[in-house]
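Chemist: Numbering of the sequence shown is given in full-length UniProt numbering, commencing with residue 1 and proceeding in unit increments.
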Amino acid sequence: MLIEKLMSGLWMGDNARRILLTFARKTQLFGSKARPRAAASRLEPPCHGCCLHPVPAKLEDPEAFTTAHLSMIESDATPLRSNVSRVLKDALGVTDLCCETLYMVQSVCRLVVRRSARMAAIALVAILRLQGWLDAPRRIVVAVDGGVFLKYYNWRVFLDQYMRETFAHHGKDARHLAQLVEFRPQADGSCIGAAVLAAAAVAGDA
Numbered sequence: 001m002l003i004e005k006l007m008s009g010l011w012m013g014d015n016a017r018r019i020l021l022t023f024a025r026k027t028q029l030f031g032s033k034a035r036p037r038a039a040a041s042r043l044e045p046p047c048h049g050c051c052l053h054p055v056p057a058k059l060e061d062p063e064a065f066t067t068a069h070l071s072m073i074e075s076d077a078t079p080l081r082s083n084v085s086r087v088l089k090d091a092l093g094v095t096d097l098c099c100e101t102l103y104m105v106q107s108v109c110r111l112v113v114r115r116s117a118r119m120a121a122i123a124l125v126a127i128l129r130l131q132g133w134l135d136a137p138r139r140i141v142v143a144v145d146g147g148v149f150l151k152y153y154n155w156r157v158f159l160d161q162y163m164r165e166t167f168a169h170h171g172k173d174a175r176h177l178a179q180l181v182e183f184r185p186q187a188d189g190s191c192i193g194a195a196v197l198a199a200a201a202v203a204g205d206a
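1. From which residue to which residue does the beta strand (DSSP E) around Phe183 run?
2. Can you check DSSP and say which residues form a bridge with Ala143?
3. Indicate whether the contact test is met: 3 or more Cβ pairs, each with one atom in the segment 120-127 and one in the segment 94-110, closer than 8 angstroms.
4. Per DSSP, what kind of secondary structure is Ser8 in: helix, strand or coil?
5. Check Ser75 in the structure and name its three-state DSSP category.
6. Report the rounded CA-to-CA distance for residue 271 versus Gly31, giving the unit in angstroms.
7. Within 10 angstroms of its Cβ, does Arg138 collect 16 or more other Cβ (buried), or is it exposed?
8. Using DSSP with H/G/I as helix, E/B as strand and the rest coil, what is Arg17?
9. Helix, strand or coil for Lys172? Go by DSSP, reduced to three states.
10. Can you say whether Ile73 is buried or exposed, counting buried as having 16 or more other CB atoms within 10 angstroms of its CB?
11. For Val87, which three-state DSSP category applies?
12. Can you tell me whether Gln28 is helix, strand or coil according to DSSP?
13. What would DSSP say about Tyr152, mapped onto helix, strand or coil?
14. Quick one: does Trp133 have its CB under 9 angstroms from some CB of chain B?
15. Quick check on DSSP: helix, strand or coil for Thr66?
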């Protein structure tokens, strides 16, 4: 469950929100024009005098900043990060932010996305290693389900990058091995995978 909360699309937006909330509480991240801090959420630790600067009220809401918001911010390549500014206005109600703040917010979102992709890559290579695939590589199909993989292009780019890095860490030809791994979308893949594992376990006990 901990790994899922650190890497899944369901949690990435909230992970970034929590980091931004910590920055906003301890620094003047959103400046003096940010909205006053609202009452603490039940899901957030109480503030004990550390809120020296205004905090956007919506930043306290666990559902205010989604992974869709995070992906739009992380993917913004406009010179002045106008998309970052627009998303922050729509999601959190903050405006008139300087470029430094916009770049900082994008950096936080990108770190969360990269961490997710890196953890997925490490987990995948670990499974392949346990199966002996690294020592006897062959073409393999990895079934994937979920909106992050299907709709978030940059996440897939990061996944490929970190998968190659992990292969290289094990002293392997990263480019060759990466070409042998084919990701294929599979609806309800987690349910089917769980059923296959259950059937294999039953067959093993028989």
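Note that beta-carbon positions come from the ideal geometry of N, C-alpha and C, so glycine has one too.
On a predicted model such as this, the values are computed, not experimentally measured, just so you know.
Modeler: So, to answer that:
1. First-last of the beta strand (DSSP E) with Phe183: 181-185.
2. For Ala143, which the question treats as bridged, DSSP gives the partners Arg184.
3. Put simply, the segment 120-127 does not touch the segment 94-110. Fewer than three CB pairs are less than 8 angstroms apart.
4. Reduced to three states, the DSSP call for Ser8 is coil.
5. DSSP places Ser75 in coil when its eight states are reduced to three.
6. Nothing about residue 271 can be read from this structure; the chain reaches only from 1 to 206.
7. Exposed, by the Cβ-count rule.
8. Correct three-state label for Arg17: helix.
9. Looking at Lys172 - three-state DSSP - the assignment turns out to be coil, as it is neither helix nor strand.
10. Ile73 should be labelled buried.
11. For Val87, the three-state secondary structure derived from DSSP is helix.
12. In the structure shown, Gln28 adopts coil according to DSSP, grouped into three states.
13. Three-state result, Tyr152: coil.
14. In the structure shown, chain B does not exist; there is a single protein chain.
15. For Thr66, the secondary structure class from DSSP, reduced to helix, strand or coil, is coil.
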